[in-house]
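Below is one structure, written out as structure tokens; the observations come after it.
Residue numbers (our numbering): 978 to 1514.
Here is the structure:
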């Protein structure tokens, strides 16, 4: 009897311990099964500058590797971003419209005491709490005037890149503002060591992909190798200044426009950088468990070689050429039956909840209300999109006229735009309104001036049938105009004050060892214990 009890006790302990160990192992497996997420953002990349669009439009841009990924994944053909850098990046990171963060006017300038407000718990913070290792490379452009706004104090465990809107690709020198007084300094930082210019003379595209390889290798060898990784590769390419990448000087000699020629070389160099990144992921055996997302931040800058044909307008405008983005998703975790082109309405603010859904991560308690929608089902299963409307922006500081022009409760002299269902409404001055052919073609314009509507303060397009915005129909459908104006009134009622402070002399890099650094270091109380101060030289 005693033997039977002892045997039973030993068996019970064995099963209990085995079960406990199995549970621990299962938890580890669950964590390991979370997909890696690699988000690559191109800067100022035009609608007609990726190969699969360029070929259709008889342009000479070539991106063979990006094309191969896109055509084996999901091409987002009805994908929208914001017309300029900081607003797009703020919406990606926060999942919120600009009207709810205050960043509705212009971009964040280095000398401005301005940043994406800290009351937004942004994407890397969310993923880090879900067990992800989080890394960022490249352009930040969400503010750095205080330590707490630096990327490594906002969820990224490592950061390597430049904090402002742009810099020389070889020297890292960045100057602003462009008029009157110029502040110039080196804009390059490694979160481990602080500001640096040790890489002077190396093309940023090569520099950033090299750092990405090191991050992947280090992740593989680390104790936490079973943890999933989030890598945000925020490329400098193909933002100005136009500078030839090394070993590409003999390419595209057939393009006679010098800006377009250099731009084409930069595009091809970017394509090769992405290929190197993917090869590194494959070598580390991480690729099969990676969701790879590619996106532009805004439309192409036609004054610097970019092109958005056949769309109207360019970067900085509310025409489709400024806001209709290049984007695709690739990866085995999609579980696609077959690659396809997704023509459903998707917006850059959707990435926040979509990535959280794809990674099976819970949005943390206290997160700000989101304007983005979870589109994982729409992308991976081609389910019906949850989005029927996009507020492109309301910018009360950008007024076409000094006087107010009210219609149905909204000041139509204010620059604003909304997409709702089949319709798009624009008020105020939307910016340069031409259709610009690829510079490698013979002429620059296609449609005559009679197609333009630059003297109007209200413009309506049935965008689902007229994606190139050729036929303005506000007078034909006044009831649609009034309906969309009422939606703008509703959105405007929920907006927060505009953040666009005056520039400060204290930011001058001359006062900070020649570098762009935080220059107002009074800290907030928000999670102070987790904040790392900038390494001042």
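Quick reminder that beta carbons are idealized off the backbone N, C-alpha and C, glycines included.
Boundaries of the alpha helix (DSSP H) harbouring residue 1243: 1235-1260, taken from the DSSP string.
In the structure shown, the three-state DSSP call for residue 1400 is strand. Our two residues, residue 1398 and residue 1061, have alpha carbons roughly 24 Å apart in a direct line.
Per DSSP, the beta-bridge partners of residue 1387 are 1384. Under the rule that a run must span 4 or more residues, the alpha helix (DSSP H) segments found entirely inside the region 1409-1481 read 1455-1470.
Spanning the alpha carbons of residue 1494 and residue 1436 requires a straight line of approximately 43 Å. Within the same chain, Cβ atoms closer than 7 Å to the Cβ of residue 1049 are found at 1307, 1316, the five residues on either side in sequence being excluded.
Excluding five sequence positions before and after residue 1185, the CB atoms of its chain that fall closer than 6 Å to its own CB belong to 1114, 1115, given in chain order. Cβ-Cβ distances below 7 Å link residue 1388 to 1381, 1382 in the same chain, with the five nearest sequence neighbours on each side left out; the list follows chain order.
Between residue 1182 and residue 1222, the gap from beta carbon to beta carbon is short of 8 Å.
Relative to residue 1078, the option among 1063, 1086, 1089 whose CA is nearest is 1063. With three or more CB-CB distances shorter than 8 Å, the region 1101-1113 counts as touching the region 1338-1346. Shown here, residue 1047 sits in a helix according to DSSP, grouped into three states. Out of 1260, 1274, 1279, the CA that lies nearest to the CA of residue 1235 is found in 1279. Closest in alpha carbon position to residue 1225, among 1065, 1474, 1244, 1208, is 1244.
Rounded to the nearest angstrom, the gap between the Cα atoms of residue 1020 and residue 1274 is 6 Å. In this structure, the alpha-carbon of residue 1487 lies about 11 Å from that of residue 1159. Rounded to whole angstroms, the gap between the alpha carbons of residue 1166 and residue 1136 is 8 Å. Counting the other Cβ atoms within 10 Å of the Cβ of residue 1470 gives fewer than 16, which makes it exposed. Taken through DSSP and simplified to helix, strand or coil, residue 1092 comes out as coil. Residue 1062 carries a helical assignment under DSSP once its states are collapsed to helix, strand and coil.
Contact between residue 1330 and residue 1349 is confirmed by a C-beta separation of about 5 Å, below the 8 Å threshold. Between residue 1441 and residue 1205, the alpha-carbon positions lie close to 39 Å from each other.
Look at residue 1358 here: in three-state DSSP terms it is coil, with no helix or strand label. Put simply, the region 1247-1261 does not touch the region 1281-1297. Fewer than three CB pairs are less than 8 Å apart. Residue 1271 sits close to residue 1017, with the two beta carbons spaced by under 8 Å.
Contact annotation: residue 1175 and residue 1040 have beta-carbon atoms that are not nearer than 8 Å.
Per DSSP, reduced to three states, the secondary structure at residue 1350 is coil, with no helix or strand assignment.
Relative to residue 1354, the option among 1368, 1372, 1333, 1370 whose CA is nearest is 1333.
Taking 8 Å as the cut-off, the Cβ atoms of residue 1288 and residue 1057 do not count as close. Counted as a single uninterrupted DSSP element, the alpha helix (DSSP H) harbouring residue 1331 occupies residues 1328-1335. By the criterion of a C-beta distance shorter than 7 Å, residue 1480 is surrounded in its chain by 1086, 1088, 1089, 1154, once the five residues flanking it on both sides are discounted. Contiguous alpha helix (DSSP H) elements confined to the region 1083-1141 occur at 1100-1106, taking only those with 4 or more residues. The three-state reading of DSSP puts residue 1041 in helix, counting H, G and I together. Cβ neighbours of residue 1368 within its own chain (closer than 6 Å, five residues either side excluded): 1074, 1395, 1468. Excluding residues up to 5 positions away in sequence, 1311 lie with their Cβ nearer than 6 Å to the Cβ of residue 1357 in the same chain.
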